[in-house]
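Undergrad:
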Amino acid sequence: MQYVKDIVTFGPRPIGSTNHKKVEDYIFAHLKGDTVEDDAFTIDTTEGKFPVRNIIAKFPGNRDGIIVIASHYDTNWPLRDTSYIGANDGGSSSALLLEIANQISGKKRDGYSVWLLWDDAEESMRLPWYDPESLYGVRHLAQKWQADGTAKKMKAFLLEDMVGDADLNIEREENSTPWLEDMIYQAATRLGYQSHFFARAVPMEDDHQPFLALGVPAADLIDFDYGYNNVFWHTTQDTVDKLSPKSLEIVGKVTLETVAMLDKK
Ligand SMILES: [Zn+2]
Numbered sequence: 005m006q007y008v009k010d011i012v013t014f015g016p017r018p019i020g021s022t023n024h025k026k027v028e029d030y031i032f033a034h035l036k037g038d039t040v041e042d043d044a045f046t047i048d049t050t051e052g053k054f055p056v057r058n059i060i061a062k063f064p065g066n067r068d069g070i071i072v073i074a075s076h077y078d079t080n081w082p083l084r085d086t087s088y089i090g091a092n093d094g095g096s097s098s099a100l101l102l103e104i105a106n107q108i109s110g111k112k113r114d115g116y117s118v119w120l121l122w123d124d125a126e127e128s129m130r131l132p133w134y135d136p137e138s139l140y141g142v143r144h145l146a147q148k149w150q151a152d153g154t155a156k157k158m159k160a161f162l163l164e165d166m167v168g169d170a171d172l173n174i175e176r177e178e179n180s181t182p183w184l185e186d187m188i189y190q191a192a193t194r195l196g197y198q199s200h201f202f203a204r205a206v207p208m209e210d211d212h213q214p215f216l217a218l219g220v221p222a223a224d225l226i227d228f229d230y231g232y233n234n235v236f237w238h239t240t241q242d243t244v245d246k247l248s249p250k251s252l253e254i255v256g257k258v259t260l261e262t263v264a265m266l267d268k269k
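In this text, residue positions in the sequence shown follow this note's numbering: the first is 5, and each later residue adds one.
1. State the Cα-Cα distance for the pair residue 69 and residue 219, rounded to the nearest angstrom.
2. Examine ligand 1 and report whether any of its heavy atoms sits within less than 7 Å of the Cβ of residue 80.
3. Thinking C-alpha only, which one of 24, 192 and 193 is nearest residue 12?
4. Is residue 144 close to ligand 1? I mean its beta-carbon at under 7 Å from any heavy atom of the ligand.
5. Where does residue 269 sit, in a helix, a strand or coil, going by DSSP?
6. Tell me the residue span of the alpha helix (DSSP H) that contains residue 133.
7. Rank 155, 169, 184 and 10 by C-alpha distance to the C-alpha of residue 236 and give the top, closest one.
8. Does the separation of the CB atoms of residue 86 and residue 127 fall below 8 Å?
9. If you run the structure through DSSP and keep just helix, strand and coil, what is residue 66?
10. Check each residue's C-beta against every heavy atom of ligand 1 and list, in chain order, those closer than 6 Å.
11. Compute the Euclidean distance between the alpha carbons of residue 266 and residue 208, then round it to the nearest angstrom.
12. In chain order, which continuous runs of the beta strand (DSSP E) of length 3 or greater are located wholly inside the region 99-139?
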């Protein structure tokens, strides 16, 4: 939870901004001592050219294959001049990945390699959502990882998005790979957290799409019911007071339990 607070303290973090750079530095500083790949490039949009940066921390395992756990860390560019800080949207999941790094860093992994991915430019250049001008970071990586053979080694792509809501209801996301969703529900049930999972089923367009298109098993852990009628989503009301450390703990533990189940699969 402290990491969420740290991230939003920088203010709005749209692509191309000084605050965005500060969050990049914050993530890199946290990963000091770990193996980190810096995937920086430029995108050309209808609003101009922007620098984009995916940050990937790699934790090797003793089994051949990779599990990627991802979160975007940017906030919406169209909201750049507001006080929109995306505490839940981008903040919660990026913070959770920092804590997952703490949990697995420096330990021998008995299983697949785990790569933590803070991806960039997920948010679209127009509101509420504009498909061709969004998901830039993951689309770039999917292309790169298809070309260099990484995609073939990927056993699962686990996406975290809007995971901090105090009233936690993770969706059964309908574009996700069904067997992987089943495994997540099994993991949640083992830990006694099943009441927070899959009460409703909704399809979401999110960072997992480009990997699904490559045939990589992928799941989107997302709570898209954020405040009554989703009133906090992409508004300046998406602030830390709506979140709960318990929700972060639940999603983090279920994610790591799913990884453990994948390791043994
Ligand atoms: Zn968003």
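Glycine included, each C-beta is placed from N, C-alpha and C at the ideal position.
TA: Quick answer:
1. The residue labelled residue 69 in the question sits at position 65 within the sequence shown. The residue labelled residue 219 in the question sits at position 215 within the sequence shown. Rounded to the nearest angstrom, the two C-alpha atoms are 15 Å apart.
2. Working through the sequence shown from its first residue, we reach residue 80 at position 76. Correct: residue 80 has its Cβ closer than 7 Å to ligand 1.
3. One-based indexing of the sequence shown puts residue 12 at position 8. When 24, 192 and 193 are compared, the shortest CA-CA separation from residue 12 is found for 24.
4. In the sequence shown, residue 144 corresponds to position 140, counting from 1. False, no ligand heavy atom lies under 7 Å from that Cβ.
5. The residue labelled residue 269 in the question sits at position 265 within the sequence shown. It is coil, neither helix nor strand.
6. For the purposes of this step, residue 133 is taken as the residue at position 129 of the sequence shown. Premise fails: residue 133 is in no alpha helix (DSSP H) and is neither H nor E.
7. Position 232 of the sequence shown holds residue 236. With distances taken between CA atoms, residue 236 lies nearest to 169 out of 155, 169, 184 and 10.
8. Taking the sequence shown and counting its residues from 1, one reaches residue 86 at position 82. Taking the sequence shown and counting its residues from 1, one reaches residue 127 at position 123. Contact flag unset, no.
9. Position 62 of the sequence shown, counted from the first residue, corresponds to residue 66. DSSP places residue 66 in strand when its eight states are reduced to three.
10. Around ligand 1, the residues selected by a Cβ distance under 6 Å to any of its heavy atoms are 93, 127 and 238, following chain order.
11. Locating residue 266 in the sequence shown gives position 262, counting from the first residue. Locating residue 208 in the sequence shown gives position 204, counting from the first residue. In this structure, the alpha-carbon of residue 266 lies about 23 Å from that of residue 208.
12. 113-123
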